[in-house]
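One structure is given here, and the rest of the page talks about it.
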Amino acid sequence: MPQNITSKDNHANSELGLEEWPCSKAGIDSALGLATSQWNPGPLGRAISSGSRLDIQASQIERAELVPKTEIKLYHRRWIMLFLFSGVSASNAFMWLQYGIISNIFMRFYNIDSFAIDWLGMIYLLTYIPLILPVLWLLKNRGIRDVILIGSAFNCIGAWIKIGSASPNMFLLTFLGQFMCSVGTVFIIGIPSYLASVWFGEKEVSIACSIGVVGYQLGIAIGFLVPPILVPNVDDMDELAHHISIMFYITAAVATLLFILVVCVFQEGPTLPPTQAQATARSIPPEQYSYTASVLRLLRNRPFILLIITYGLNVGCFYAVGTLLNRIIIEHYPGEEVNAGRIGLTIIIAGMVGSLICGIWLDKTKTYKQTTLAVYFMSLVGMIVFAATLSLGHLWVVFITAGALGFFMTGYLPLGFEFAVELTYPESEGTSSGLLNCSAQVFGIIFTISQGKIIDRFGTLAGNIFLCVFLLIGTVMTGLIKSDLRRQKANMLAKAAGPSDYPNGSVAASPIIEEAKL
């Protein structure tokens with residue numbers, strides 16, 4: 001049953017917190033003319049103009065005032081959409097790590113070297129880079145249902161291809177299956193913020209987005225835990241093939257069930273919008289949006305460019321640790337494949353807690369740069385401690401230090417996305433997050449290959465020191481980011497303003513516009 005929202009607060013713009021101001025006819029006519037001549041919409045109702053960021057902010061505010069207030073509702077089925085998507089995301093994330101966490105077993109089974117096994121994880125990172133821009137274009141033009149449906153289909157196809165690869169001479173087939181799953185990732189990983197805005201109310205968006213992100217992290221956690229249990233390190237190749245086949249059949253069955261549910265259950269969006277901001281987005285003709293112009297504007301934003309680099313360095317280190325974790329643990333604790341998976345699980349579970357705590361902290365304090373810098377620095381400290389304690393000979397110590405590393409390194413993920421939204425407002429969250437993820441994939445490939453080669457030649461300590469150096473660079477660069485919180489500034493100015501602050505009752509001359517001109 002839908003839930004009617006009737007509070008007076010819902011007559012305000014959900015993004016900027018604007019109050020309804022009385023406007024003169026001249027002011028309305030002037031604003032209408034400006035909106036007609038300059039307006040270009042971005043995804044999620046973000047205004048994208050062909051002029052400066054000043055014009056974008058002006059058009060955003062004007063549009064919010066001009067669109068009539070419509071009825072908004074929250075539907076209970078929004079939670080079904082969210083958890084169904086989270087299931088698809090978890091299934092896809094599981095397949096990323098099902099090889100790497102038992103890499104020594106698959107190296108012996110397929111008679112391949114460690115570099116080939118590493119590519120079964122890195123293909124997820126490589127595929128993302130050329131496909132992210134076309135997928136974002138598809139999301140804008142075809143909608144969220146088609147994008148999730150395609151991603152789920154690729155995930156399902158890849159899982160079934162892997163079933164035929166449970167034989168020592170079928171490495172190329174298993175690589176093909178992993179490639180198909182990696183294509184599905186591109187359609188899935190950037191969806192949480194978009195899905196939250198389409199289905200959820202103003203006070204639920206952050207929670208819904210967090211649940212969507214945690215779904216992927218949960219899949220990674222299961223990917224660390226389950227493969228070592230399903231595929232024990234046995235000497236008999238026929239028995240080993242049997243265990244691998246069981247794992248592949250289970251993943252294919254889950255992926256198929258989720259695909260069927262997406263086909264039958266998942267909907268494009270609710271009949272009535274959940275917020276006034278979403279109502280505004282629906283009123284914008286999609287053919288007016290210039291995706292290329294939006295990307296170019298972001299690439300001219302210096303603080304955001306610094307964040308792209310620092311985010312890539314941090315998350316790239318996380319990808320390298322996740323991909324090579326089995327090799328790192330086994331070198332110091334031979335025969336501990338199961339505990340290597342449990343250590344990976346500890347990293348992810350601690351990271352989930354860190355993500356939620358960091359999100360709550362940001363909601364309460366709005367200290368984006370300070371929190372991001374502190375968590376980045378603690379990620380560096382966690383990596384140093386993790387590297388230093390690996391050789392002590394006590395697995396329980398490794399569990400503790402790995403948990404601390406995961407708490408901060410994985411907890412950094414939502415901080416980076418939220419900081420990016422602040423620095424790039426009013427551009428689309430999908431575009432900014434897509435560029436952050438692209439940077440993470442590039443650095444993830446570089447770090448995984450480099451650390452793998454260093455481990456092979458010099459050992460795990462040297463490989464971990466290699467990552468620490470880049471985390472130190474990222475910490476310094478994070479401190480150099482100018483904390484220009486555009487979204488917070490717009491919210492504060494809009495809430496503080498009154499009718500007398502605007503000539504002729506028009507918001508076109510608001511203080512934020514004049515400030516942006518400078």
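In terms of full-length UniProt numbering, the sequence shown has 225 at position 225, counting the first letter as 1, and numbering is strictly consecutive. By construction, the Cβ of each residue, glycine as well, lies at the ideal position given by its N, Cα and C atoms.
Give the secondary structure of residue i by DSSP, where H, G and I count as helix, E and B as strand, and everything else as coil.
i    : result
L149 : helix
V476 : helix
V421 : helix
V451 : Per the sequence shown, residue 451 should be read as Gln rather than Val. Residue state, collapsed to three classes: helix.
H394 : coil
V234 : coil
E239 : helix
F200 : coil
D484 : coil
S165 : coil
N301 : coil
S428 : coil
E268 : coil
Y249 : helix
E336 : coil
N141 : helix
K366 : coil
P273 : coil
A98  : It is Gln, not Ala, that sits at residue 98 in the sequence shown. In this structure, Q98 counts as coil in the three-state DSSP scheme.
M170 : coil
I222 : helix
I48  : Caution is warranted here: a pLDDT of 38 is assigned to I48, below 50, making its placement in the model unreliable, and no coordinate value can be reported.
D118 : helix
D113 : coil
Measure the alpha-carbon distance for residue i versus residue j and round it to whole angstroms.
i           : j    : result
T185        : Y128 : 8 Å
N233        : A350 : 27 Å
E427        : R457 : 45 Å
G158        : G177 : 4 Å
T371        : L392 : 32 Å
S165        : T271 : 44 Å
V147        : L120 : 24 Å
Y249        : P192 : 28 Å
G161        : W361 : Rather than Gly, the amino acid found at residue 161 in this sequence is Ile. I161 and W361: Cα-Cα distance of roughly 44 Å.
I132        : L413 : 18 Å
G143        : G430 : 13 Å
V295        : E422 : 16 Å
A462        : W79  : 46 Å
L380        : V265 : 43 Å
N40         : F175 : Low confidence applies here, because N40 scores a pLDDT of 38, under 50, leaving its location unreliable; read the following figure in that light. Looking at the two C-alpha atoms, the distance is approximately 43 Å.
L149        : F187 : 9 Å
V213        : I347 : 15 Å
residue 523 : L307 : There is no way to answer for residue 523, as the model of the chain reaches only from 1 to 518.
Y75         : Y194 : 17 Å
L261        : L84  : 8 Å
F106        : G322 : 16 Å
H243        : H394 : 30 Å
M352        : F94  : 16 Å
L480        : I309 : 12 Å
G406        : E71  : 43 Å
F386        : L373 : 20 Å
Count the other CB atoms, across all protein chains shown, that sit within 10 Å of the CB of residue i; report buried if there are 16 or more and exposed otherwise.
i    : result
N169 : exposed
V198 : buried
F470 : buried
A31  : Low per-residue confidence applies at A31: pLDDT is 39, beneath 50, and the placement is therefore not dependable, though the value from the model is reported in the following sentence. Answer is buried; the Cβ neighbour count reaches 16.
V476 : exposed
L44  : With a pLDDT of 40 at L44, under the threshold of 50, the modelled position of that residue is not reliable, and the figure given next carries that caveat. So L44 ends up on the buried side.
W96  : buried
I246 : exposed
K369 : buried
M409 : buried
I328 : buried
Out of the options, which has the shortest C-alpha to C-alpha gap to residue i?
i    : options                : result
I101 : P228, S197, V262, E418 : P228
G444 : K366, Y311, I305, A402 : Y311
Y124 : F154, I347, V381       : F154
C317 : V442, R297, F447, F399 : F447
F259 : S86, W79, D363         : S86
I222 : S89, I357, T292        : S89
R342 : F224, S167, A208       : F224
K453 : A116, L74, K73         : A116
Y110 : I308, E71, L172, R302  : L172
L230 : E337, L325, L84, Y194  : E337
Q441 : N314, A293, L218       : N314
M180 : S152, F200, E204       : S152
Does the CB of residue i have a neighbour CB from chain B at under 8 Å?
i    : result
Y311 : In the structure shown, chain B cannot be found, because there is only a single protein chain.
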